[in-house]
Structures are given as C-alpha cells and as structure tokens.
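These notes concern the structure reproduced below.
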Amino acid sequence: MSAVFEKPPLWQRAAPMFQGFDGPLAFAIFLLACTGLTAMYSVGFDFSGRFTDHARNMLLAGMIMFVVAQVPPQRLMSLAVPLYTLGVALLIAVAIFGITKKGARRWINVGVVIQPSEILKIAMPLMLAWWFQKREGQLRPLDYAVAGLLLLVPVGLIMKQPDLGTSMLVLAAGLAVIFFAGLSWKLIVPPVVIGLIGLVLVIAFEPQLCAEGNRWPVLHDYQQQRICTLLDPSKDPLGKGFHIIQGMIAIGSGGFLGKGFMQGTQTHLEFIPERTTDFIFAAYSEEFGLAGNLLLIAGFSFLILRGLAIALEASTLFSRLMAGAITMSFFVYAFVNMGMVSGILPVVGVPLPFVSYGGTAMVTLGLSLGILMSIAKAKRLVQS
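Using this note's numbering, you'd call the opening residue of the sequence shown number 509 and step up by one each time.
So, in structure tokens, the structure goes:
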C-alpha cells in the first residue's frame, strides 16, 4: 500500500513545467544573456557592484520568464483590461500628484516609488490584442479607430510627463498590434511618406530651425535640443553634443576586432557617459569591435525571427498579435538604442535588452519573454 501513495521524485513533478518550452527561443535568450553579462563585466568591472546587480536582475528576469511561461495565453488575455485600466489610472495619478525628478514627473509613491509608464509596455499590447480578439471576423474601420484611441490615451499621458523614450516604445508596441490585426496599407503609407518628407525638410532647413532663439511648437525645449544636437553635434561638443560625439569616437576606435576585453580607453577613462546603461553599446563596440557588433546583431536577429515564427504558428488571434507585438518591441529597443548611440537617432532613454543595466527594464524583459514563451508552449502542447 505504501508504494501506491509514494510521491514521485521531484524531477518528475517539475518536468511538466519545462514541457513545451521553445528550444530555439531559449537558446537565443541564453546567448544574449551571456553576451550581456560579458559586456557588463568588461565595461563595468570598475563600477562598484554593477556586474553583480546586473546578474541578479537577469536572474530575476529569468525567474519571472519561467513563471509567466506557465500561464496559458487565455489566462493572460483575462488580465488585459484590469492591467490596462490600472496603468492608465496610475498615469493620471502621476499627472496630478506624481513625484518630479530632474524636471520630469514620472513616478508615484504607492508604498513604494514606481514608474507606471513601465506597466503600459506590457498592458498596451495586451489590451489591443484582447480588443481585436473579441472582434475577430467582424472588424470594421470603427474598431481600428477605437484601438487608436486606446493607444493614444496612455501615449499622450506618458509624453506629457515628459518621457519620449517610453512613449515611443509603448506607441511602437501598440502600432505593431494594429498593423498585425490587418490595418490597410492605404492607411499606413501616407503617414510614412509625410514623415519622410518632414525628415528631409528638417535636415535641409537645419540652420534656420536650430538657430538660437527659435522655438518649435509642440516639442519641449530639451526635445528640440536633442534633435538639433543630432543634426550637428559639433555646435556644442562639450555640452549637449558630448554624448553623441564620444559615442561615435568609441565605436569608431574599436575597429574590426575591438581593443579587447576590459581594454576600452574611452570607456574606462569615463569619456562615455552612462556607459553601463543607455550608452553601453558604445563601450561594447570599443572593446569588441565590428565583429562583436555583428555577433550581437545576429543574436537579436535570431531572437526576432524566432519570435515572428512563433507569432505565425500561434493558434489564436490574441496569441499572434501579442507575439508579433512583443517581437517588434525587441526590434525597436535594439534599433533605437544602437541608433542613438551611433548618432543616427536622437538620444532618448531606451536601454539595450540583455545588455544595459536596469532593474525595471529587466523585469519588463522577463515578462515579455515569458509571454512569448507561453504562446510557444501552448502551441507545442496542443500539437503533442
């Protein structure tokens, strides 16, 4: 009788938790995590506690990913409305009585100080994927208009804080859902063409637009300065243009193979500002060169391609939209961070996934990867 009630070994009880995990996705995550740890140790070894904190944050993100991966996509969909509502309510609270630091009101004290805009990085695509899932097979133009309104409310509140980087990421995640839901190219092409024309005009008329005393409507002064600095960083090489110039010097000085592990002079002589956070790509480029950059870009490309494959194979519209939005968010993160450090995009506070230091960003990364793994896992379990 005792054998009948004998508990199976722990490994047998834990095995179902690992069943259905997507191997290629896990491999891409492992490679990028190893790259991030190597880069952080190399550029931050003389930055007290930075590597150990980064490793701890990455371990926390891995645990979050593992836990969220156990939650079926249907259960995740049920969280869309409450999470979105909570996020927007907190953003309104921030606008009314939030905490201001360095001229930006982005935080609120709810027992602990939090930044509610981070919630929307997950809540926004969840909400829009839920919205289109409920209207599958009967989509009308009005449904896309409502989706646009659901997107613009939190994006507007985040821009008002102001936080251009986070608002851009939330906007990109929401637009990805709307695009994958079947938005007509006729509605996509005109804004893109107008944007390109505007970009050309800004470049052509930069001397007049960035003249001393000239103020642009809509944008804050610091946002205008970032764009003008991007167009011509040499105007203020020791001030506003310092970040971009030093980043480009570091990237260029790395050459093909780089200066070597822990050997970056621009990095360790502290010419690169925020070398373990927003500008870590410049420090990484100096030490690992073009070859290291190509390997890093290959890792992100593999992750993005695998994410899109998971989206294509997903069994429900919600899962397809969510997987597609998360995957495109990784692309936006990597492209914007590398672009701003390389001097082709304005400097905004966007971290490089897996590589940049940051607790909140790492938690968001773990949540996103957990959702993506959950979608892949659900499809594999159905097939088996």
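For glycine and all other residues, C-beta sits at the position ideal for the given N, C-alpha and C. On a predicted model such as this, the values are computed, not experimentally measured, just so you know.
Query: Beta strand (DSSP E) runs contained entirely in the region 633-670, provided each spans 3 or more residues; Result: none
Query: Own chain, CB closer than 7 Å to residue 555, minus 5 neighbours either side, in chain order; Result: 784
Query: Residue environment, residue 881, which counts as buried when at least 16 other CB atoms sit within 10 Å; Result: buried
Query: For residue 612: DSSP bridge partner residues; Result: 609
Query: With 16 other Cβ atoms within 10 Å as the buried cut-off, status of residue 929; Result: Absent from the model: residue 929. The displayed extent of the chain is 509 to 892, so no value can be given.
Query: Beta-carbon separation (whole angstroms), residue 855 vs residue 751, contact threshold 8 Å; Result: 6 Å
Query: Residue 680 classed as buried or exposed, judged by whether at least 16 other C-beta atoms fall within 10 angstroms; Result: buried
Query: N- and C-terminal bounds of the alpha helix (DSSP H) containing residue 845; Result: 825-850
Query: Euclidean distance between Cα positions of residue 628 and residue 678; Result: 7 Å
Query: Contact set for residue 828: own chain, Cβ-Cβ below 8 Å, skip 5 residues either direction; Result: 688, 819, 820 and 822
Query: Residue 715 versus residue 736: straight-line alpha-carbon distance, rounded; Result: 9 Å
Query: Of the listed residues 534, 550 and 635, nearest to residue 656 (C-alpha basis); Result: 635
Query: DSSP beta-bridge partners of residue 805; Result: The partner list for residue 805 (beta bridge, DSSP) is empty, contrary to what the question assumes.
Query: Counterpart residues of residue 622 in DSSP-defined beta bridges; Result: 616
Query: DSSP three-state assignment for residue 854, whether helix, strand or coil; Result: coil
Query: Alpha carbon of residue 540 to alpha carbon of residue 552, nearest angstrom; Result: 17 Å
Query: Pair within 9 Å by beta-carbon distance, residue 581 and residue 879; Result: yes
Query: Closer than 9 Å to chain B by CB, residue 818; Result: Included in the structure is just one protein chain, with no chain B present.
Query: Touch test, the region 839-852 against the region 786-793, Cβ-Cβ under 8 Å, three pairs minimum; Result: yes
Query: Element boundaries [alpha helix (DSSP H), containing residue 574]; Result: 558-577
Query: Spatial neighbours of residue 603 in its chain, beta-carbon cut-off 8 Å, leaving aside the 5 residues before and after; Result: 613, 665, 668 and 669
Query: Inter-stretch contact (C-beta, 8 Å, three-pair minimum) for the region 752-763 and the region 826-840; Result: no
Query: 8 Å CB neighbourhood of residue 511 in its chain, flanking five on each side removed; Result: Model confidence at residue 511 stands at a pLDDT of 48, short of 50, so the residue's coordinates are unreliable and nothing is read from them.
Query: Alpha carbon of residue 732 to alpha carbon of residue 704, nearest angstrom; Result: 18 Å
Query: Within 9 Å, strictly: CB atoms of residue 866 and residue 565; Result: yes
Query: Residue 688 - containing alpha helix (DSSP H), residue span; Result: 672-688
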